[in-house]
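Worksheet for the structure shown next.
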Amino acid sequence: GNSVTQMEGPVTLSEEAFLTINCTYTATGYPSLFWYVQYPGEGLQLLLKATKADDKGSNKGFEATYRKETTSFHLEKGSVQVSDSAVYFCALSLPSALYKLSFGAGTTVTVRA
Amino acid sequence: DVKVTQSSRYLVKRTGEKVFLECVQDMDHENMFWYRQDPGLGLRLIYFSYDVKMKEKGDIPEGYSVSREKKERFSLILESASTNQTSMYLCASSSFRGPSTDTQYFGPGTRLTVL
Chain U
1 GNSVTQMEGP VTLSEEAFLT INCTYTATGY PSLFWYVQYP GEGLQLLLKA TKADDKGSNK
61 GFEATYRKET TSFHLEKGSV QVSDSAVYFC ALSLPSALYK LSFGAGTTVT VRA
Chain F
1 DVKVTQSSRY LVKRTGEKVF LECVQDMDHE NMFWYRQDPG LGLRLIYFSY DVKMKEKGDI
61 PEGYSVSREK KERFSLILES ASTNQTSMYL CASSSFRGPS TDTQYFGPGT RLTVL
């Protein structure tokens with residue numbers, strides 16, 4: 001079946017540090033890949049997405065590149081801020097699965113001033 | 001902007017009570033979803049619906065039912081709440097129309113505690 005594996009947290013960083021959250025997937029076909037973010041006390045928001053191999057999604061200084069050869073979609077940010085403290089979820093969807101989302105377990109990121 | 005609202009942010013119920021969680025979206029989306037979120041497990045799909053009166057089981061439907069009488073509203077029902085249903089419940093919607101057919105939009109969540 002379709003599944004997503006992302007690195008376990010929690011991750012604690014200092015402001016201006018580099019952030020990487022690893023995400024790999026297993027899917028039949030060619031999924032769309034997503035990163036969703038959940039700030040404290042809120043629902044999920046779409047952070048970025050990519051729909052085909054070698055696409056790069058970017059938003060708010062975050063980037064992720066769809067790597068078909070390694071079935072990966074790692075999230076990166078060059079210089080994090082306290083306001084980036086949140087839970088980050090990697091997810092995939094497929095037309096064959098009627099666009100239902102399969103989520104990773106989530107990674108909690110805390111950025112300290 | 002798409003707006004998905006959920007009837008309560010926090011809810012406390014007793015074991016055995018019937019619980020209704022309501023979700024409303026304002027973008028005329030065909031598709032609506034209910035998830036539960038638990039630490040270390042991510043989001044798991046309970047039920048989803050692709051049209052009014054239609055419903056499909058997700059990965060963990062046991063102990064839940066749903067109702068979709070109107071396009072904009074999708075209700076999750078716990079027929080007899082149990083303590084293992086204490087969780088965060090998230091509603092989402094999406095559309096098969098337009099450029100973002102694969103993107104779901106989420107509500108703020110309802111944190112349900114069953115005592």
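In order, the protein sequence lines correspond to chains U and F.
Position 63 of the first sequence, counted from 1, bears residue number 63 in this note's numbering, the numbering being contiguous throughout.
Position 49 of the second sequence, counted from 1, bears residue number 49 in this note's numbering, the numbering being contiguous throughout.
All C-beta atoms in this analysis are idealised placements derived from N, C-alpha and C, irrespective of residue type, glycine included.
- With a threshold of 7 Å between beta carbons, glutamine 25/F makes no contact with chain U.
- Annotated as proximal: lysine 55/F and valine 66/F, with beta-carbon spacing under 7 Å.
- Between cysteine 90/U and the set Ser83/U, Glu15/U, Ser14/U and Thr20/U, the nearest pair of CA atoms involves Thr20/U.
- Counted as a single uninterrupted DSSP element, the beta strand (DSSP E) harbouring alanine 86/U occupies residues 86 to 93.
- What tyrosine 99/U touches in chain F, judged by beta-carbon distance under 7 Å, is Ser94, Thr101 and Asp102, going in chain order.
- The alpha-carbon separation between glycine 61/U and leucine 48/U amounts to approximately 10 Å.
- In the DSSP assignment, glutamate 69/F falls within the unbroken beta strand (DSSP E) covering 64 to 70.
- Just measuring C-alpha positions, the residue of Leu21/F, Thr15/F, Lys13/F and Arg14/F sitting nearest glycine 109/F is Leu21/F.
- Taking a cut-off of 8 Å for Cβ pairs, the segment 77 to 91 of chain U and the segment 12 to 26 of chain F do not touch, as fewer than three such pairs fall below it.
- C-alpha of phenylalanine 48/F to C-alpha of phenylalanine 18/U: approximately 38 Å in a straight line.
- For serine 93/U, the nearest beta carbon of chain F is closer than 7 Å to its own beta carbon.
- Bounds of any beta strand (DSSP E) do not take in arginine 97/F, whose DSSP letter is neither H nor E.
- Close partners of lysine 49/U in chain F (Cβ separation under 8 Å): Asp102 and Thr103.
- Secondary structure at asparagine 59/U: strand, using DSSP grouped into helix, strand and coil.
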